[in-house]
Amino acid sequence: MKQDHKQIELETVLKKVDDPELPSVSVVDLGMVHEVKTDNKHVSITMIPTFAGCPALDIIETNVKEAVEQVDWVESCDVTFSFRHKWSTTAITAEGKKQLKKHGVAPPPESYQPGEEWSVDCPYCGSLYTSMENVFGPTACRSILYCRSCRNPFEAMKPVIDYSAV
Amino acid sequence: MTKIESAKQAKQDSSYCEALTELLYQLADDDFIVSFRGSEWLGLAPHIEEDVSFSSITQNTMGHAVLYYQLLEELGEGEADVLAHERPPEKRRNAIYLERQNGDGSYLDEPYYDWALTVIRQYLYETFKKVKLEALTKSSYEPLADTAQKVLMEQTYHLAHWKTWVWQLQNSTEEAKTRLQSRLKEAWGEFLDVLELGPKANDMEKHQLIVAESDLQKKWLEEIKETLVVIPAEPLQKNNGSGRNGEHTQDLTQALATLSEVYDQDKNAVW
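In C-alpha cells, the structure reads:
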C-alpha cells in the first residue's frame, strides 16, 4: 500500500477515537494528534496533551493504540505525548466545535486574551444571554455556565491560548 | 546561550545536571504539597462552587507536579510515582510554609481549617509560581522551558481565582480584613523560604536554568503590591527553617503518611 493511502487510512481510524470525557468528539478534531509516522508495519503517533491534570490521557493513549493496531497492515503502534508543541483551544477543528455543541458543550470563544473574562453562546438555543457560574467545572478543561434564555445550565471549553511570557 | 535539548545532553555536565535536578525537585515538591493541602479542603470549602473550583485547581496542580517528576525520571532519578510517594521528608525540597496544615484538627475527625490561611497561601504561592514560570520559559534546558510554557497557559486561571478571593475578602467585613491580615503577617515570617532556590541557586543562574533569586523576589513583590492593600513593613523571613535544605516539620510527615497510605498498601498496583 502506498504511503499516502496509509496516512489517509490511519486518519480515518483516528477520527473514530473519541475523547473519553467528550463522546462524539474525536482526538483528531480536538487537535491532539500532532504527527503520524509509518515505518513499514510500525506506526508512531505523537500527540499533544490538553490539560496537564487530565486523567483521561492514559485512556486516550490506550484507545489510540488499540484502534490503530486493528488496521490490517499495522503490526504495532506506539503513542507519545509531546510538550514541545502546545495544545490550545484554537486547535479544535470546525467539526470538533460542531460535535461539542451537539454534546451540550459550548466551544471556546474565538478571540480570548489570557486573564480576561469571556462569554460564549448557549449551545442549546444559541442565545448570547448567558452567565458564567464557575470558571472551573467537572474537568480541568471545562467551565460551568447558565443560559438565561432557555434556562439550561451548560458547560463550555475553557479558552487556552499560547502566549509568551512578558 | 547554549540550549540543552535532552536529558542525555544534560547528563554530560555534572554541575549542570545537579543544579537542574535540584531545581526540578523544588518545582515538583512545591506543587505536590500545595495541591495535597488543597485537596484536603474537598467537601469543606466555603460553598459548593468553591469545592468544584478548588478541586479542579488542585487536580491540575498535581498534574503540574507530575510533569516535573517525569522530567526527573528522564534524568535517571527514578520513577515519577516513586519520587512522589516514597521519598522521606529529608529528601523533599518543598518550602516549609507550603506543608503547614490547613488549621487545627484533622480531615477525618474535626477539621477546623482556616480559609484565610488558605486564601493568603494560595495567592502568594500562585503569584510566585507565575513569576517563576515566566522565567523558566527562557530556561537553557528546553524540556523544562516547554513544560513551563504549558503550565503557564493553564495556571493563569488558578491565579485569577485566588486574586478574586483576596480582592473580595479585603474589601469585605472587618473580620475578613483582620483575619487575612493576621495570616499575611504569619506568611511574611515564613515566605522567604518559598522565594529561595536553595544552596544551588548560583549554579542555577550560572547555567541559565532560571534567573537570579533576587530578580524573582523583586518581581513577586511588585506583583503582590498590585493586589494586596497592606504589605507588612518587616522584612521577609524564614522562621521555620529552609525546606530547600531538606529541613521540614511534623506537618510534612503527617501529609506524606496520609498521602501514601493507599500506595503503601500495594506498591505494584496498577491504577
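If you're matching them up, the sequences are chains A and B in order.
The numbering of the first sequence is UniProt numbering, which starts it at 1 and goes up by one.
The numbering of the second sequence is UniProt numbering, which starts it at 1 and goes up by one.
No residue lacks a Cβ here, since even glycine has one placed at the ideal position from N, Cα and C.
On the premise that A/Thr130 lies in contact with A/Ser143, defined as a C-beta separation below 8 Å, what is that separation, rounded to the nearest angstrom?
Counted from its first residue, the first sequence places residue 143 of chain A at position 143. Counted from its first residue, the first sequence places residue 130 of chain A at position 130. With a Cβ gap of about 11 Å, A/Ser143 and A/Thr130 do not count as contacting.
Find the residues of chain B that neighbour A/Asp78, judging by a C-beta separation of less than 7 Å, and give them in chain order.
Mapped onto the first sequence, residue 78 of chain A falls at position 78. Those do not exist, as A/Asp78 stays about 17 Å from chain B at its closest Cβ, beyond 7 Å.
Provide the residue span of the alpha helix (DSSP H) that contains A/Asp78, from first to last.
Reading the first sequence from its first residue, position 78 is the one you call residue 78 of chain A. Counting along the chain, no alpha helix (DSSP H) covers A/Asp78; the unbroken beta strand (DSSP E) around it starts and ends at 76 to 81.
Can you find a CB in chain B that lies within less than 9 Å of the CB of A/Tyr163?
The residue given as residue 163 of chain A occupies position 163 in the first sequence. Chain B contact via Cβ: present.
Grab me the residues of residue 167 of chain A's own chain with a C-beta within less than 6 Å of its C-beta, minus the 5 sequence neighbours each way, in chain order.
This structure cannot speak to residue 167 of chain A, because chain A is shown only from 1 to 166.
Against A/Ala91, what residues of chain B qualify as contacts under a CB-to-CB distance less than 7 Å, listed in chain order?
Walking along the first sequence from the start, residue 91 of chain A turns up at place 91. Chain B residues near A/Ala91: none, gap ~12 Å exceeds 7 Å.
Excluding the five sequence neighbours on either side, which residues of its own chain have a C-beta within less than 7 Å of the C-beta of B/Ser35, listed in chain order?
For the purposes of this step, residue 35 of chain B is taken as residue 35 along the second sequence, with counting starting at 1. Correct list, in chain order: Thr58, Thr61, Met62, Ala65.
Of all Cβ atoms in chain A, is any one closer than 9 Å to the Cβ of B/Gly63?
What you label residue 63 of chain B is simply residue 63 of the second sequence in a count that begins at 1. So yes, B/Gly63 belongs to the interface.
Which ranges would you report for the alpha helix (DSSP H) in the segment 16 to 97 of chain A if only whole runs of at least 4 residues count?
If only complete runs of 4 or more residues are kept, the segment 16 to 97 of chain A shows the alpha helix (DSSP H) at 57 to 69, in order along the chain.
Given that B/Ile57 touches chain A, what residues does it touch there, using C-beta distances under 8 Å?
On the second sequence, residue 57 of chain B is found 57 positions in, with the first residue counted as 1. Ordered by position in chain A, the residues that pass the 8 Å Cβ test against B/Ile57 are Phe136.
Can you grab the Cα-Cα spacing for the pair B/Asp251 / B/Glu99, in whole Å?
Looking up residue 251 of chain B in the second sequence gives position 251. Looking up residue 99 of chain B in the second sequence gives position 99. Taking the straight line from one Cα to the other gives about 6 Å.
When DSSP labels each residue in this structure, what does B/Glu77 get in the three-state scheme?
Numbered from its first residue, the second sequence carries residue 77 of chain B at position 77. B/Glu77: coil per DSSP, three-state reduction.
Can you tell me whether B/Gln101 is buried or exposed, with buried defined as 16 or more other CB within 10 angstroms of its CB?
Residue numbering aside, residue 101 of chain B sits at position 101 when the second sequence is read from its first letter. B/Gln101 should be labelled buried.
According to DSSP, is A/Cys147 part of a helix, a strand, or is it coil?
Along the first sequence, one-based indexing puts residue 147 of chain A at 147. A/Cys147 falls in the strand class under three-state DSSP.
Could you tell me the alpha carbon to alpha carbon distance between B/Ile120 and A/Asp162, rounded to whole angstroms?
Taking the second sequence and counting its residues from 1, one reaches residue 120 of chain B at position 120. Taking the first sequence and counting its residues from 1, one reaches residue 162 of chain A at position 162. Approximately 28 Å between the Cα atoms of the pair.
Just how far apart, CA to CA, sit B/Asn245 and B/Leu24?
For the purposes of this step, residue 245 of chain B is taken as residue 245 along the second sequence, with counting starting at 1. For the purposes of this step, residue 24 of chain B is taken as residue 24 along the second sequence, with counting starting at 1. So the alpha carbons of these two residues sit roughly 14 Å apart.
Mind checking whether B/Thr147 and B/Tyr68 have CB atoms under 9 Å apart?
By one-based count along the second sequence, residue 147 of chain B stands at place 147. By one-based count along the second sequence, residue 68 of chain B stands at place 68. Yes, these two residues count as a Cβ contact at 9 Å.
Say whether chain A places a C-beta atom closer than 9 Å to the C-beta of B/Asp30.
Translated into the one-based positions of the second sequence, residue 30 of chain B becomes position 30. B/Asp30 does not count as touching chain A.
What's the gap between the Cα of A/Glu66 and the Cα of A/Val28?
Position 66 of the first sequence, counting from 1, holds the residue named residue 66 of chain A. Position 28 of the first sequence, counting from 1, holds the residue named residue 28 of chain A. Straight-line Cα distance between these residues: approximately 16 Å.
What runs of the beta strand (DSSP E), each 3 residues or longer, lie entirely inside the segment 129 to 189 of chain B?
none
I'd like the list of long-range same chain contacts for B/Glu5, defined as Cβ closer than 6 Å, with 5 residues on each side in sequence excluded.
Counting from 1 along the second sequence, the entry for residue 5 of chain B is found at position 5. Result list for B/Glu5: Glu142, in chain order.
What is the DSSP secondary structure of A/Val166, reduced to helix, strand or coil?
Numbered from its first residue, the first sequence carries residue 166 of chain A at position 166. In this predicted model, A/Val166 has a pLDDT of only 46, less than 50, meaning its place in the structure is not dependable enough to derive any value.
With a threshold of 16 other CB atoms inside 10 Å of the CB of A/Gln70, please say whether the residue is buried or exposed.
Position 70 of the first sequence, counted from the first residue, corresponds to residue 70 of chain A. A/Gln70 should be labelled exposed.
So the beta strand (DSSP E) B/Ser260 belongs to, where does it begin and stop?
Working through the second sequence from its first residue, we reach residue 260 of chain B at position 260. Bounds of any beta strand (DSSP E) do not take in B/Ser260, whose DSSP letter is neither H nor E.
Would you mind sorting B/His161 into buried or exposed? The rule is 16 or more other CB atoms within 10 Å of its CB.
Numbered from 1 along the second sequence, position 161 holds the residue referred to as residue 161 of chain B. It is buried - the Cβ of B/His161 has at least 16 other Cβ atoms within 10 Å.
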